[in-house]
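Here is the structure we will look at, set down as structure tokens.
Numbering (mature numbering (1 follows the signal peptide of the UniProt record, and there is no 0)), first residue to last: -25 to -1, 1 to 304.
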């Protein structure tokens, strides 16, 4: 009798486990999609494609996510579309970066603030950088600063977004350190790193305020040089170790560019938990670390409530910086 009971318990337990497994499999989002809120070729595209590859490689998704593009307002169009039109769509991830948070801090995403979405995961960080064509007369950051001091309007600078964007802020901080009014600089507003690289290589701008991960393919091809990277110290990668920091050139500016994903505000707790668990597994994987490294990103892993706290603190800090430059009241 006890043995029969034990067998029944085992059978029941096995049945429950099988049922739980079926439930878990059923929870995989149907038709998953990653929205890159810019044109192809920049950092948002890179972030989506990193997750697209990694989630399938780790068998967390059975088929790759689609990557779609929704440029406009350096993230504003996608943010508004997801919050207003697809708030409960569990299959829709949207890429974000530190630049998205800076724009949120200035109210550039319209009526929705940083509490309007469910912050899911941060998967890596890059660093801001100042790029020029390989044949540029500017060999150092100081060469560029001296040209700007002589005539701030003589150098055409391409940046992702308008005044107040992340790329604008990088050059504004350089200008401020050099005693130049950032408002006198001559900017061309572009939609992300892909467009900056195209404009720079096409001779439409002379300087690109961008980030290192967007730039590396062009550095490696010999088409582009970086005058400075905004990291604490030189980056410990074979192809990056010769790129000088702004700090070592006398400009105490550090600008990390964190990259990650959010979900719509009405995505269920169960669906959110599925994605969080998937990214927790991904971020702990050695294979993911290799894929991240191939895309010139550095470790930065955060999910769930911890990420939500980080995002809200960053937005608050960016508001202070925006006030310093007179961008908000």
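For glycine and all other residues, C-beta sits at the position ideal for the given N, C-alpha and C.
Buried or exposed (CB count within 10 angstroms, at least 16 for buried), residue i
i           : result
residue 63  : exposed
residue 223 : exposed
residue 271 : buried
residue 41  : exposed
residue 183 : buried
residue 243 : exposed
residue 193 : buried
residue 267 : buried
residue 158 : exposed
residue 112 : exposed
residue 280 : exposed
residue 327 : No statement about residue 327 is possible, as the shown extent of the chain runs from -25 to 304 and does not include it.
residue 70  : buried
residue 154 : exposed
residue 185 : buried
residue 22  : buried
Proximity below 8 Å, CB of residue i to CB of residue j
i           : j           : result
residue 20  : residue 169 : yes
residue 31  : residue 102 : no
residue 132 : residue 161 : yes
residue 29  : residue 263 : yes
residue 277 : residue 97  : yes
residue 238 : residue 247 : yes
residue 9   : residue 68  : yes
residue 236 : residue 56  : no
residue 228 : residue 302 : no
residue 190 : residue 201 : yes
Any non-hydrogen atom of the ligand FMN closer than 7 Å to residue i Cβ
i           : result
residue 284 : Because no ligand of any kind appears in the structure shown, any question about the ligand FMN cannot be addressed here.
Other residues of its chain near residue i: CB distance less than 7 Å, five sequence neighbours each side excluded
i           : result
residue 91  : 58, 240
residue 231 : 73, 100, 102
residue 275 : 97, 99, 100, 233
residue 60  : none
residue 45  : 10, 12, 52, 53, 56
Rounded C-alpha distance that separates residue i from residue j
i           : j           : result
residue 251 : residue 89  : 19 Å
residue 214 : residue 195 : 8 Å
residue 86  : residue 110 : 44 Å
residue 291 : residue 284 : 11 Å
residue 114 : residue 106 : 11 Å
residue 84  : residue 140 : 12 Å
residue 289 : residue 296 : 11 Å
residue 261 : residue 130 : 43 Å
residue 293 : residue 24  : 28 Å
residue 156 : residue 150 : 6 Å
Same chain only: Cβ atoms within 6 Å of residue i, ignoring 5 sequence neighbours per side
i           : result
residue 6   : 66
residue 4   : 65, 66
residue 152 : 226
Cβ neighbours of residue i in the same chain (closer than 8 Å, five flanking residues each side left out)
i           : result
residue 198 : 108, 109, 176
residue 304 : 298
residue 163 : 131, 132, 133, 134, 174, 179, 180
residue 43  : 8, 9, 10, 11
Requested in this report: Decide yes or no for the touch test of the segment 169 to 187 against the segment 9 to 18: beta carbon pairs closer than 8 Å, at least 3 of them.
Outcome: yes
Requested in this report: Could you tell me whether the segment 249 to 268 touches the segment 115 to 122, where touching means 3 or more Cβ pairs closer than 8 Å?
Outcome: no
Query raised in the report: With a cut-off of 8 Å, do at least 3 Cβ pairs link the segment 215 to 225 to the segment 125 to 139?
Result: no
Query raised in the report: Counting Cβ pairs closer than 8 Å, one from the segment 62 to 82 and one from the segment 39 to 53, do we hit at least three?
Result: yes
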